[in-house]
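Chemist: The sequence shown begins at 15 in our numbering and counts up one residue at a time. A virtual CB, placed ideally from N, CA and C, is assigned to each residue, including glycine. What you are looking at is a predicted structure, and each value in this text was computed from that prediction instead of being measured.
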Amino acid sequence: MPAVVVVGAQWGDEGKGKVVDIFAEHADVIARYQGGNNAGHTLVVGGEKTVLHLVPSGVLHPGKVCVIGNGVVVDPAVLIEEIERLQHRGYLLDDQLLKISDRAHLIMPYHRAIDLARERLRGEDRIGTTGRGIGPTYEDKMARIGIRFADLLDESSFHDLLRNTLAEKNAYIRALLQEEPFAFDAIHEQYSRYRERLAKYVTDVSVYLAQALSKGQRLLLEGGQGTMLDVDHGTYPFVTSSNTVASAACTGVGIPPGRISCVVGIVKAYTTRVGSGPFPTELHDATGEKLRQDGDEFGATTGRPRRCGWFDAVVVRHAVRINGIQGLALTKIDVLTGIDPIRICVAYEYNGQRYEHFPASMQVLRNAQPVYEEHPGWNEPLTSARTIEDLPRNARRYIQRLEELTETPMYLISVGANRNETILLRNPFHS
Ligand code: GDP
Ligand code: IMO
Ligand code: MG
Numbered sequence: 015m016p017a018v019v020v021v022g023a024q025w026g027d028e029g030k031g032k033v034v035d036i037f038a039e040h041a042d043v044i045a046r047y048q049g050g051n052n053a054g055h056t057l058v059v060g061g062e063k064t065v066l067h068l069v070p071s072g073v074l075h076p077g078k079v080c081v082i083g084n085g086v087v088v089d090p091a092v093l094i095e096e097i098e099r100l101q102h103r104g105y106l107l108d109d110q111l112l113k114i115s116d117r118a119h120l121i122m123p124y125h126r127a128i129d130l131a132r133e134r135l136r137g138e139d140r141i142g143t144t145g146r147g148i149g150p151t152y153e154d155k156m157a158r159i160g161i162r163f164a165d166l167l168d169e170s171s172f173h174d175l176l177r178n179t180l181a182e183k184n185a186y187i188r189a190l191l192q193e194e195p196f197a198f199d200a201i202h203e204q205y206s207r208y209r210e211r212l213a214k215y216v217t218d219v220s221v222y223l224a225q226a227l228s229k230g231q232r233l234l235l236e237g238g239q240g241t242m243l244d245v246d247h248g249t250y251p252f253v254t255s256s257n258t259v260a261s262a263a264c265t266g267v268g269i270p271p272g273r274i275s276c277v278v279g280i281v282k283a284y285t286t287r288v289g290s291g292p293f294p295t296e297l298h299d300a301t302g303e304k305l306r307q308d309g310d311e312f313g314a315t316t317g318r319p320r321r322c323g324w325f326d327a328v329v330v331r332h333a334v335r336i337n338g339i340q341g342l343a344l345t346k347i348d349v350l351t352g353i354d355p356i357r358i359c360v361a362y363e364y365n366g367q368r369y370e371h372f373p374a375s376m377q378v379l380r381n382a383q384p385v386y387e388e389h390p391g392w393n394e395p396l397t398s399a400r401t402i403e404d405l406p407r408n409a410r411r412y413i414q415r416l417e418e419l420t421e422t423p424m425y426l427i428s429v430g431a432n433r434n435e436t437i438l439l440r441n442p443f444h445s
């Protein structure tokens, strides 16, 4: 009854979608445990690209069950569109293959409006959110005024909850954000249509997973975002509004910690970040631009150019410790072809002090100078490599050095976006 967690070990977009798609072959059930449609997970199978925002990345494997956990915040319009796009291509035709937690919270139109208006008012200090209403929805969950699928399904509860919440939201939207209030009837009617469309998928996910695990089924848990965007352990306040780390997988789907058998951390062979906030190894030069172009580093959700920089071992050690990462999946090593030398950050320096652990202070982070090691590069394209031995010697040395610095073995090395452009070293369901 193994349960494997796949977690981003940097600032998101590490390639979780690709890795989950590969591990899903060995799983029966694949579940998202937090985040919402701020996530964009890309899968390329047989040259065909699929970008998923809410449906777990196991969906392209026929017969696997996809679960959206209670820890996820769901924009029903986005989910319906995603389901329809997948059904059009022949996936999810059996309604039993998708389950949505009755405890998952709904993103409402006022959440999106508040997210966008706040960012506009913050100006230069904006977080650079995806504008999908993620933060305001989690705020309402914690303030105990959120609306869950269980509430949507009960017509009279939904009516009353929406009426009460909307009064408060409209007062805030009018007075503080100086924007137009929302009409009750329009939202009520729109969400009643969502109820009709989605009710058949709604279930008690914790009960379902407990039964699946006790039958010996294998569970793959897919995180959104990454460790450095975690609201507690990331670069606060430049983070998302949920716990993204592996321990959140338990609360996010309702399984006990003892069920987790393995945690795999996904890392890019370099580092990227979308949105504002500290990024000690960021490159503002031609090498940064080369990484962006060769790595096609443009957001899968918003299309924004991603900020690019060197691999940061301080960040990944932080992620290994907090998540209990047993193995790493290294992606996009092919993008480093032609870069020489390649640098790895091993520590930071600030004010005469050396930092081996990721600091909490914004002041330190903004001024931290990375301490770099240099490694010789290679010019060979890596995309056709299918075993470690197929890689040039300097690429193998670089990978080995990342394993040493993070004290973590590689379970998988990805050499291209396609499913088959992969070197699988260890199956996490067997560890
Ligand atoms: P996620 O949010 O962690 O699932 O990652 P994204 O899908 O947002 O971003 C990763 C991008 O890198 C996607 O466009 C993937 O298709 C692509 N990708 C994943 N692995 C590799 C790889 O090994 N090499 C290359 N060149 N691209 C990759
Ligand atoms: P995946 O799952 C990269 C970033 C946003 C912003 C901050 C807060 O594809 O790795 P939010 O809309 O969540 O309130 O924005 O978090 N962010 C991501 N960056 N990948 C993601 O998801 C992200 N989801 C949110 O850019 O800086
Ligand atoms: Mg992404």
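Along the chain, which unbroken stretches of the beta strand (DSSP E) at least 3 residues long are found entirely within the stretch 267-306?
Modeler: 274-282, 285-287
Chemist: Run the proximity test for S428: is its beta-carbon closer than 7 Å to any non-hydrogen atom belonging to the ligand IMO?
Modeler: no
Chemist: Opposite I114 in the DSSP bridges: which residues?
Modeler: I82, V216
Chemist: Span of the beta strand (DSSP E) holding Q24?
Modeler: Counting along the chain, Q24 falls outside any beta strand (DSSP E), and DSSP gives it neither H nor E.
Chemist: With DSSP run on the structure shown, which of helix, strand or coil describes P70?
Modeler: coil
Chemist: Starting from Q192 and walking both ways along the beta strand (DSSP E), at which residues does that stretch end?
Modeler: Premise fails: Q192 is in no beta strand (DSSP E) and is neither H nor E.
Chemist: Please report the distance separating the alpha-carbon of E421 from that of G240.
Modeler: 19 Å
Chemist: Could you compute how far the alpha carbon of Y250 sits from the alpha carbon of Y222?
Modeler: Taking the straight line from one Cα to the other gives about 35 Å.
Chemist: Rounding to the nearest angstrom, what Cα-Cα distance links A164 and N178 in this structure?
Modeler: Taking the CA atoms as reference points, A164 sits about 17 Å from N178.
Chemist: What first and last residue would you give for the beta strand (DSSP E) that runs through N430?
Modeler: Note on residue identity: the sequence assigns Gly, not Asn, to residue 430. G430 -> no beta strand (DSSP E), and no H or E assigned at all.
Chemist: Short of 7 Å in beta carbon distance, which residues of its chain neighbour D218, apart from the five on each side in sequence? Order them along the chain.
Modeler: D116
Chemist: Going by the DSSP bridge assignment, what does H55 pair with across the sheet?
Modeler: L66
Chemist: Let me know if A17 comes out buried or exposed under the rule of 16 or more other beta-carbons within 10 Å of its beta-carbon.
Modeler: Burial call: buried.
Chemist: If N84 and V267 are in contact, beta carbons under 8 Å, what's the gap, nearest whole angstrom?
Modeler: 7 Å
Chemist: When you measure from the CB of N52 to every non-hydrogen atom of the ligand IMO, does any distance come out below 7 Å?
Modeler: yes
Chemist: For E363, list the residues DSSP reports as bridge partners.
Modeler: R368, Q383
Chemist: Exposed or buried, what is Q383 when buried is set at 16 or more other beta-carbons lying within 10 Å of its beta-carbon?
Modeler: Exposed, since its Cβ has fewer than 16 Cβ neighbours within 10 Å.
Chemist: At a cut-off of 7 Å, would you count I1 as near the ligand GDP, judging by its Cβ distance to the nearest heavy atom?
Modeler: Given that the chain is displayed from residue 15 to residue 445, the structure contains no residue 1 and the question cannot be resolved.
Chemist: Let me make sure I understand the geometry here. Which of F372, R415, E435, P442 has the alpha-carbon closest to that of R400?
Modeler: E435
Chemist: In the DSSP assignment, find the alpha helix (DSSP H) that holds T420 and state where it starts and stops.
Modeler: 407-420
Chemist: Considering only residues of the stretch 305-344, which uninterrupted alpha helix (DSSP H) runs meet the minimum length of 4 residues and lie entirely inside it, listed in chain order?
Modeler: 327-337
Chemist: In the structure shown, what three-state DSSP assignment does A17 receive?
Modeler: Note: A17 maps to strand in three-state DSSP.
Chemist: Which whole-angstrom value is the C-beta distance of V328 and F372, which I expect to be below 8 Å?
Modeler: 5 Å
Chemist: Is I159 buried or exposed, if buried means 16 or more other CB atoms sit within 10 Å of its CB?
Modeler: exposed
Chemist: Indicate the three-state DSSP secondary structure (helix, strand or coil) for E182 in the structure shown.
Modeler: helix
Chemist: Please list the terminal residues of the continuous alpha helix (DSSP H) segment that includes I128.
Modeler: 123-136
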